[in-house]
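Protein sequence lines correspond, in order, to chains A and B. Under this note's numbering, the first residue of the first sequence carries the number 6, and numbering increases by one thereafter. Under this note's numbering, the first residue of the second sequence carries the number 61, and numbering increases by one thereafter. For reference, the structure discussed in these notes is given below.
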Amino acid sequence: MNLFQFCYGIIHWLVDLVNHLWYWLGDVLPGALGEFFNDVGDLAASHGNISVFAILLEVIVIVIIALINVLNFIWIDRKFMGRMFDFYGPYYVGYRIGGWLQNLADGIKLFVKEIIVPKKADKLGFLLGPIIFVGSSFLALATIPLGTRFGIETSPTDTGVPGSALIAFAFFAIAPFSILISGWSSNNKYSLIGGMRSAAQMMSYEIPLLLTVASVFLIAGSFSFTGIIDAQENIWFAIPLLLGFVVFLVCLVAEVEVQPFDLPEAEAELVEGWTVEYGGMRFGLFMMTSYLRGYIGGALATALFLGGWNGPHIIPEPIWFLIKAYIVFVIIEWARWSLPRVRVDQILNIGWKRLMPLAVVNLMIAATFKTLGWF
Amino acid sequence: MWINMGPQHPMTHGLWNLRIKVDGETIVDAEPEVGYLHRGIEKLCERRTYTQIIPITDRLCYGSSLTWSHLYCLTVEDLMNIEVPPRAEYIRVAAIEMQRIASHLMWLAAYAADLGMLVGFIYAMRDREIFIDLLQALSGSRLTYNYPRIGGVAHDAPPNFVRDSLRACDYMEGKIAEYEKLYDGSKVFMMRNEGVGVLSKEDAMNLGVTGPPLRASGVKYDLRKDQPYSIYPELDFEAVTHPDGDCYARYRVRMEEMRESCKIIRQAVQKMPQGKWRVLAPRIGPEGTGLGRVEDPRGEGMMYIVGNGTQRPYRVKIRSPIFVTVSAAKHMLLGYKVADVVAIMGGLDMCIGETDR
Numbered sequence: 006m007n008l009f010q011f012c013y014g015i016i017h018w019l020v021d022l023v024n025h026l027w028y029w030l031g032d033v034l035p036g037a038l039g040e041f042f043n044d045v046g047d048l049a050a051s052h053g054n055i056s057v058f059a060i061l062l063e064v065i066v067i068v069i070i071a072l073i074n075v076l077n078f079i080w081i082d083r084k085f086m087g088r089m090f091d092f093y094g095p096y097y098v099g100y101r102i103g104g105w106l107q108n109l110a111d112g113i114k115l116f117v118k119e120i121i122v123p124k125k126a127d128k129l130g131f132l133l134g135p136i137i138f139v140g141s142s143f144l145a146l147a148t149i150p151l152g153t154r155f156g157i158e159t160s161p162t163d164t165g166v167p168g169s170a171l172i173a174f175a176f177f178a179i180a181p182f183s184i185l186i187s188g189w190s191s192n193n194k195y196s197l198i199g200g201m202r203s204a205a206q207m208m209s210y211e212i213p214l215l216l217t218v219a220s221v222f223l224i225a226g227s228f229s230f231t232g233i234i235d236a237q238e239n240i241w242f243a244i245p246l247l248l249g250f251v252v253f254l255v256c257l258v259a260e261v262e263v264q265p266f267d268l269p270e271a272e273a274e275l276v277e278g279w280t281v282e283y284g285g286m287r288f289g290l291f292m293m294t295s296y297l298r299g300y301i302g303g304a305l306a307t308a309l310f311l312g313g314w315n316g317p318h319i320i321p322e323p324i325w326f327l328i329k330a331y332i333v334f335v336i337i338e339w340a341r342w343s344l345p346r347v348r349v350d351q352i353l354n355i356g357w358k359r360l361m362p363l364a365v366v367n368l369m370i371a372a373t374f375k376t377l378g379w380f
Numbered sequence: 061m062w063i064n065m066g067p068q069h070p071m072t073h074g075l076w077n078l079r080i081k082v083d084g085e086t087i088v089d090a091e092p093e094v095g096y097l098h099r100g101i102e103k104l105c106e107r108r109t110y111t112q113i114i115p116i117t118d119r120l121c122y123g124s125s126l127t128w129s130h131l132y133c134l135t136v137e138d139l140m141n142i143e144v145p146p147r148a149e150y151i152r153v154a155a156i157e158m159q160r161i162a163s164h165l166m167w168l169a170a171y172a173a174d175l176g177m178l179v180g181f182i183y184a185m186r187d188r189e190i191f192i193d194l195l196q197a198l199s200g201s202r203l204t205y206n207y208p209r210i211g212g213v214a215h216d217a218p219p220n221f222v223r224d225s226l227r228a229c230d231y232m233e234g235k236i237a238e239y240e241k242l243y244d245g246s247k248v249f250m251m252r253n254e255g256v257g258v259l260s261k262e263d264a265m266n267l268g269v270t271g272p273p274l275r276a277s278g279v280k281y282d283l284r285k286d287q288p289y290s291i292y293p294e295l296d297f298e299a300v301t302h303p304d305g306d307c308y309a310r311y312r313v314r315m316e317e318m319r320e321s322c323k324i325i326r327q328a329v330q331k332m333p334q335g336k337w338r339v340l341a342p343r344i345g346p347e348g349t350g351l352g353r354v355e356d357p358r359g360e361g362m363m364y365i366v367g368n369g370t371q372r373p374y375r376v377k378i379r380s381p382i383f384v385t386v387s388a389a390k391h392m393l394l395g396y397k398v399a400d401v402v403a404i405m406g407g408l409d410m411c412i413g414e415t416d417r
């Protein structure tokens, strides 16, 4: 049974429950009105209708899992930082579960704060920025399956979105536009510089990132996550493509904008960069989404290089997937708290002069392996 | 485009304003503005008796308050011609070198945080605690000590002070080696520091820069060596210099200075004689002038006091090292990127309390 069938079953049961009412109305009401209610019942019970609502339910399930993961990620981040820095991290809110509820408390605090829009800001852009940022990140999430039968599917035999990896990277790359929009529309010099830096950084790191991903596509012979992960059943791609994996991780850090590469929001020189004018829950959304992107990054690295849900069957597939994604995230956090921030010209140099040739070399390695027929 | 970095900005470490004109990300003009934290300390001093001024001079700099009260006492002793007992001199020197290490560690912490390296911030602040605790054992306070007195120090050193100081020095020397691994071993840290904010030897001397930034430009000028005060001539240490004049050189100079300070503390506590730690000073100062110059952790601190034969000084003039050093900001900043501002200005170890007085 896959996630679609599970959701289909739930929706089917709900529709049957409600259809009792429609069919009863169709029986008791006379003539054309009764016919109408019978038709409504038939329509509701049709395969197409139930499928649509089943897919909606799937989306809700995936989003809830993602949000719980985000809460976990923020908690892990704080605890891990605390352990590195000789303090405890969140402790008192949710004492029995290691301070896990601190994130919820912070979220509630952000919810009740006033949303301030600067007088000279461009109102539409100021509103659109967070919407695009959050929306595109969640869309990227929709394509990533957590197991062979645990993703967004549209039929019982479906194995995920075709070309899902391509779509995921397409959505993942929308974020710099929203950052530029929100930085520019805030009408603040710091946020403008932050937005411009973000655009430059993302553009230069997108290319080596996609080149390493192309090497994975080449070896796996598939554009969809399911195909790629199935191709890694015997050996993880991180082993033959070790170089590509390292380049991918570095680019990922730049894409999710954490510490060594968090130039757009460098708090030392640009205060908080492009988020400086956002307050209340709009800032909360930015914050949450940056961790969500951390989760997506971990999931992408897991799916493309670390064998996805492949592993001993004692542990269920989605749990395997999440464990690997968490480990990648923790590695990113480790770099985040122990490295200084690089400068804007240096980050572009690293991107174009170091990572780009390495990514091309990695692509050649992948092509060699494919030609030799090893994969 | 002119950007105001300050008065409220994470880079400033206090309350001052750096206006920079950028072309893209490159700085084409810079204009430091100080004066936001002016508290009128020099004027306040004129309305207080000689003893009452000591706590005020503590408030000059939150990073190294002991140095300033020591400087004040030194100046008044020069005015009143008081001979300080040798035990007091040794305690003072040990204390101000501890203060120097604590101040440099605070600089290191702030500098690491400026560069985005948060782990460096926490580690340096953690080790600063050791010296703050020692100073607390000595004086009873943790930030503004009010410890030196005209003609000595307020209390004798506590029991076990020698043992604890030696242990702290051993600990600190191990930690400095660890920091060097953490910072010099970090490729990104070196990228951010090498060749950034170069201040040439001539510029440094012409602009009146003193302290670690001057020594980092290759000028061997340290008041503890060149115009020794207190017991410094009896101690064996080096004035640290570095030829490069960039941010990395300033970092290296401060790290080496912490090593030298450990050496000085060790010698001072071991050579410390027994005896009186304070002589009583007259309440009324004579007519005349007193001048004191010390090597503050941030540069050369100078104080000039004019007495008019009453309980209160007629005039107290304070020369702040950072007030002069910040005028070199423009020479250091031009041509570098916006992100380098934090490295360059952070590397100067700005302390606004003493700058604006």
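The beta-carbon is built from N, C-alpha and C at its ideal position, and this holds for glycine as well. Quick caveat: nothing in here was measured; it's all calculated off a predicted structure.
Within the same chain, show all residues whose beta-carbon is closer than 7 Å to that of residue i, passing over the 5 residues directly before and after it, in chain order.
i: isoleucine 192(B); result: Ala162 and Arg202
i: alanine 372(A); result: Leu223
i: alanine 148(B); result: Gly212, Val213, Trp337 and Arg338
i: methionine 166(B); result: Gly123 and Arg188
i: methionine 158(B); result: Phe191, Leu194, Leu195 and Ile325
i: isoleucine 198(A); result: Leu275
i: alanine 219(A); result: Leu368
i: proline 381(B); result: Thr270, Gly271, Asp356, Arg358, Gly359, Glu360 and Gly361
Which residues bound the beta strand (DSSP E) around residue i?
i: leucine 381(A); result: Residue numbering for chain A in the displayed model covers 6 to 380; residue 381(A) lies beyond these limits and cannot be assessed.
i: glycine 348(B); result: 347–356
i: alanine 90(B); result: 86–93
i: proline 373(B); result: 373–379
i: leucine 78(B); result: 77–83
i: isoleucine 137(A); result: Counting along the chain, isoleucine 137(A) falls outside any beta strand (DSSP E), though it belongs to the alpha helix (DSSP H) covering 128–147.
Is residue i close to the ligand SAH? I mean its beta-carbon at under 8 Å from any heavy atom of the ligand.
i: glutamate 63(A); result: Annotation note on the ligand SAH: not contained in the displayed structure, which lists no ligands.
For residue i, collect the residues of the same chain with a Cβ closer than 6 Å to its Cβ; drop the 5 residues on either side in sequence, then sort them by chain order.
i: glycine 406(B); result: Tyr171 and Asp174
i: arginine 418(B); result: As shown, chain B starts at 61 and ends at 417. That puts residue 418(B) outside it, with no answer to give.
i: arginine 375(B); result: Val366
i: lysine 418(B); result: Residue 418(B) lies beyond the stretch modelled for chain B, which goes from 61 to 417, so this question has no answer here.
i: glutamine 10(A); result: Pro161
i: cysteine 133(B); result: Pro208 and Ile210
i: glycine 46(A); result: Asn24, Trp27 and Tyr28
With residue i as the anchor, note down where its alpha helix (DSSP H) starts and where it stops.
i: tyrosine 65(A); result: A small correction: the amino acid at residue 65(A) is isoleucine; tyrosine does not occupy that position in the sequence shown. Looking at the DSSP string, the run of the alpha helix (DSSP H) that includes isoleucine 65(A) is 52–89.
i: methionine 361(A); result: 361–377
i: tryptophan 342(A); result: 322–343
i: tyrosine 171(B); result: 146–174
Identify, in the order they occur along the chain, each residue of the same chain with its Cβ nearer than 8 Å to the Cβ of residue i, setting aside the five sequence neighbours on each side.
i: isoleucine 80(B); result: Trp62, Ile63, Met65, Ile87, Asp89, Ala90, Glu91, Leu393, Val398 and Val401
i: tyrosine 396(B); result: Thr86, Ile87, Val256, Gly257 and Ile404
i: threonine 135(B); result: Gly350, Leu351, Gly352, Met363, Tyr364 and Ile365
If contacts are defined as beta-carbon pairs under 8 Å, then residue i and residue j qualify, I think. What distance do you get, rounded to the angstrom?
i: arginine 312(B); j: aspartate 91(A); result: So it is not a contact: roughly 26 Å between Cβ atoms.
i: threonine 270(B); j: valine 384(B); result: 7 Å
i: serine 51(A); j: tyrosine 13(A); result: Their Cβ separation, rounded to whole angstroms, is 12 Å, which puts serine 51(A) and tyrosine 13(A) out of contact at 8 Å.
From the DSSP secondary-structure annotation, give me the bridge partner or partners of residue i.
i: phenylalanine 155(A); result: Gly152(A)
i: valine 366(B); result: Thr349(B) and Arg375(B)
i: asparagine 64(B); result: Arg79(B)
i: valine 213(B); result: Pro208(B)
i: lysine 397(B); result: Thr86(B)
i: glycine 361(B); result: Val354(B)
i: aspartate 338(B); result: A small fix is needed here, since residue 338(B) is arginine in this sequence, not aspartate. BP columns for arginine 338(B) point to Gly212(B).
The stretch 363–376 of chain B / the stretch 249–266 of chain B touching (three or more Cβ pairs under 8 Å): no
Can we say the stretch 147–154 of chain B touches the stretch 318–329 of chain B, given the rule of at least three CB pairs closer than 8 Å? yes
Are the stretch 342–358 of chain A and the stretch 189–207 of chain A touching, with three or more C-beta to C-beta distances below 8 Å? yes
Whether or not the stretch 277–284 of chain B and the stretch 208–223 of chain B are in contact is what I'm after, with contact meaning three or more pairs of Cβ atoms, one per stretch, closer than 8 Å; do they touch? no
Is there contact here, the stretch 244–257 of chain B with the stretch 330–349 of chain B, by at least three beta-carbon pairs under 8 Å? no
Would you call the stretch 361–378 of chain A and the stretch 280–297 of chain A touching, i.e. three or more CB-CB distances under 8 Å? no
With three or more beta-carbon pairs closer than 8 Å as the criterion, would you say the stretch 93–101 of chain B touches the stretch 224–237 of chain A? no
For the stretch 216–226 of chain B and the stretch 239–247 of chain B, state whether three or more C-beta atom pairs, one from each stretch, are separated by less than 8 Å. no
Okay, do the stretch 20–27 of chain A and the stretch 154–174 of chain A touch, 3+ Cβ pairs below 8 Å being the bar? no
Do three or more CB pairs link the stretch 128–140 of chain A to the stretch 181–197 of chain A at distances below 8 Å? yes
Does the count of Cβ pairs from the stretch 306–318 of chain A and the stretch 267–281 of chain A closer than 8 Å reach three? no
Report yes or no: do the stretch 103–119 of chain A and the stretch 78–93 of chain A share at least 3 C-beta pairs separated by less than 8 Å? yes
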